[in-house]
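To keep things clear, I will list the structure first and then write my remarks on it.
Protein chains: 2
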Amino acid sequence: MLLYKDEGTAMIDTLKKFGLRATPQRMAIMQLLQGNTSHPSVEEIYHELKPKYPSLSAATVYNTLEALAKVGEIQEISIDPQRRRFDPNPRPHCHFLCNRCQRVYDLDIALEDLPVPHQAGGFNIQSFSLYLYGECEHCSSKDDGTKI
Amino acid sequence: MLLYKDEGTAMIDTLKKFGLRATPQRMAIMQLLQGNTSHPSVEEIYHELKPKYPSLSAATVYNTLEALAKVGEIQEISIDPQRRRFDPNPRPHCHFLCNRCQRVYDLDIALEDLPVPHQAGGFNIQSFSLYLYGECEHCSSKDDGTKI
DNA sequence: AAAAATAAAATAAAAATTATTTTTTGTCAA
DNA sequence: TTGACAAAAAATAATTTTTATTTTATTTTT
Ligand SMILES: [Mn+2]
Ligand SMILES: [Mn+2]
Ligand SMILES: [Zn+2]
Ligand SMILES: [Zn+2]
C-alpha cells in the first residue's frame, strides 16, 4: 500500500516480495507516490522525476506502475477519459473528478454498503468503481467562470 | 437519444436543434451509432465508415462525437483506460467491462436507488458513473484461458 | 569468475488525441 | 440571385500517449 516508515528498506522488501528488482527508477517512483493523494498521471510522474533521473523514460514509468498495479500495491484510476491516473492506495474507494480544475480527489463514501451484486445477468462481477463528477470546493468558491 | 423512426429527417432535425450542420460525415456517424450497444471507440467508428467515406478523418469522428456528447445526445464512457468509448444512449446507466474480451456491456442495475449524495465533503456532485469489471457470460463459458 | 538466462531500462515505433489549415456552407448586402 | 464575408466543419499536420523492440544491467548457473 506504499506507506513505509523506514522507506528505503521497506520499499525494497515490498519489491522483493513480488519478485521485482529494486532499481533506482522504481524506488524514485514509489517514493514520489508515497502518501501522494493527487492521483498523478504518467506524464506528471515522469516530469517530476526527469530532472533527478535524466535517463528516465516514460516507458519505465509505465512499466513500474503497471508492475505495481498488477501485484496490487497501487491502483489505476480511469475516471479521467483524457489520461490514465494512478493511486498508491489500492483499497477500493470512491473518486471525484472536478469538471473545472480536472483534479481528482478521494471521497469518503463507504463502498462496502453499496448494493452492487456479484452476479448480474450472466456477468461475473469481480470489482467495480464509482466515479463522481462535479465541482470541487476550491472551484465552487470562486464562481467566476475561471478554470483555476 | 438517437432512436429515429424516419432516420434521415429526424437526425437532421436533431442536429438543427443544436445548431449543428447535417453533414454526410455526421449523418453516417449518427446512423452507425443508432441502436448500437457495443460502445465503440473512435477508431472502430472510423474504420467502419472509412470505406464508404474515403475522405473521412479520425479528427472528424472526434469532433462529431464531442459535439453530440456536449449537447447530451450521446455519452462518453471512460470505463476502459485504453481508449475513449461512446454510447448513443445518454441516460445514466451502468456499464460492465469484461477483463478477458474487453467488450463493454450495458448492465441493468437501477442507478436511481444507489445512495450517492449530491453533496459530500464540500464537493458539489453533478453526476456519477458506476463501472463494473469481471468476466462476461460469453468468456466464462469457455473457461480455457483463451482471450476470445 | 564467466556464460547464460532473466529482468528492466531506454529507444524506437505505433496509436490516440489535439491543433492548425483548408474547404465547405450558410448569411447578407449589393 | 450572386458574390463577398463569416462561421462551421472537414482534413491534414502535429503532438501526446502508449506499446513494441532493442539495449543494458542484474541475477543465476556452471
Ligand atoms: Mn484515491
Ligand atoms: Mn451503455
Ligand atoms: Zn476544481
Ligand atoms: Zn468477455
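Line by line, the protein sequences give chains Y and G.
The opening position of the first sequence corresponds to residue 5 in my numbering, with each subsequent residue numbered one higher.
The opening position of the second sequence corresponds to residue 5 in my numbering, with each subsequent residue numbered one higher.
Glycine included, C-beta positions come from ideal geometry on N, C-alpha and C.
Less than 8 Å between CB atoms is the rule here; does residue i satisfy it with respect to chain G?
i: residue 76 of chain Y; result: no
i: residue 91 of chain Y; result: no
i: residue 72 of chain Y; result: no
i: residue 109 of chain Y; result: yes
i: residue 23 of chain Y; result: no
i: residue 17 of chain Y; result: no
i: residue 130 of chain Y; result: yes
i: residue 137 of chain Y; result: yes
i: residue 49 of chain Y; result: no
i: residue 152 of chain Y; result: With a pLDDT of 44 at residue 152 of chain Y, under the threshold of 50, the modelled position of that residue is not reliable, and the figure given next carries that caveat. Chain G contact via Cβ: absent.
i: residue 134 of chain Y; result: yes
i: residue 45 of chain Y; result: no
i: residue 80 of chain Y; result: yes
i: residue 59 of chain Y; result: no
i: residue 42 of chain Y; result: no
Near residue i, what residues of its chain come up, given a Cβ to Cβ distance below 7 Å and the 5 sequence neighbours on each side ignored?
i: residue 22 of chain Y; result: 75
i: residue 40 of chain G; result: 92
i: residue 52 of chain G; result: 36
i: residue 54 of chain Y; result: 60
i: residue 18 of chain G; result: 77
Could you pull out every residue in the same chain whose Cβ sits closer than 6 Å to the Cβ of residue i, ignoring the five residues on either side in sequence?
i: residue 140 of chain G; result: 102
i: residue 132 of chain Y; result: 120
i: residue 13 of chain G; result: none
i: residue 72 of chain Y; result: 78
i: residue 100 of chain Y; result: 109, 111, 136
i: residue 82 of chain G; result: none
Does ligand 5 have a heavy atom nearer than 7 Å to the CB of residue i?
i: residue 140 of chain Y; result: Among the ligands present in this structure, namely ligand 1, ligand 2, ligand 3 and ligand 4, ligand 5 is not found.
Let's test the definition: count the other Cβ atoms within 10 Å of the Cβ of residue i and tell me whether it reaches 16, buried, or not, exposed.
i: residue 38 of chain Y; result: exposed
i: residue 116 of chain Y; result: exposed
i: residue 30 of chain Y; result: buried
i: residue 114 of chain Y; result: exposed
i: residue 152 of chain Y; result: No answer about residue 152 of chain Y holds up, because its pLDDT of 44 lies below 50 and its placement is not dependable.
i: residue 89 of chain Y; result: buried
i: residue 42 of chain G; result: exposed
i: residue 145 of chain G; result: exposed
i: residue 84 of chain Y; result: buried
Excluding the 5 residues flanking residue i on each side, which residues of the same chain have their C-beta closer than 8 Å to its C-beta?
i: residue 20 of chain G; result: 26
i: residue 62 of chain Y; result: 46, 47, 50
i: residue 129 of chain G; result: 120, 121, 122, 123
i: residue 57 of chain G; result: 28, 29, 32
Do we get a CB-CB distance below 8 Å when we pair residue i with the residues of chain Y?
i: residue 105 of chain G; result: no
i: residue 85 of chain G; result: yes
i: residue 29 of chain G; result: no
i: residue 95 of chain G; result: no
i: residue 66 of chain G; result: no
i: residue 37 of chain G; result: no
i: residue 63 of chain G; result: no
i: residue 141 of chain G; result: yes
i: residue 115 of chain G; result: no
Closer than 7 Å: is that where the CB of residue i sits relative to any heavy atom of ligand 3?
i: residue 98 of chain G; result: no
i: residue 104 of chain Y; result: yes
Between residue i and ligand 1, is the CB less than 7 Å from at least one heavy atom?
i: residue 112 of chain Y; result: no
i: residue 93 of chain Y; result: yes
i: residue 3 of chain Y; result: Within the shown structure, residues of chain Y are numbered from 5 to 152, placing residue 3 of chain Y beyond reach of any answer.
Should residue i be listed as close to ligand 4, given that the test is whether its C-beta is under 7 Å from any heavy atom?
i: residue 89 of chain G; result: no
i: residue 107 of chain G; result: yes
i: residue 143 of chain Y; result: no
Does the pairing of the region 63-70 of chain G with the region 41-50 of chain G give three or more beta-carbon distances under 8 Å? yes
Touch test, the region 94-110 of chain Y against the region 119-128 of chain Y, Cβ-Cβ under 8 Å, three pairs minimum: no
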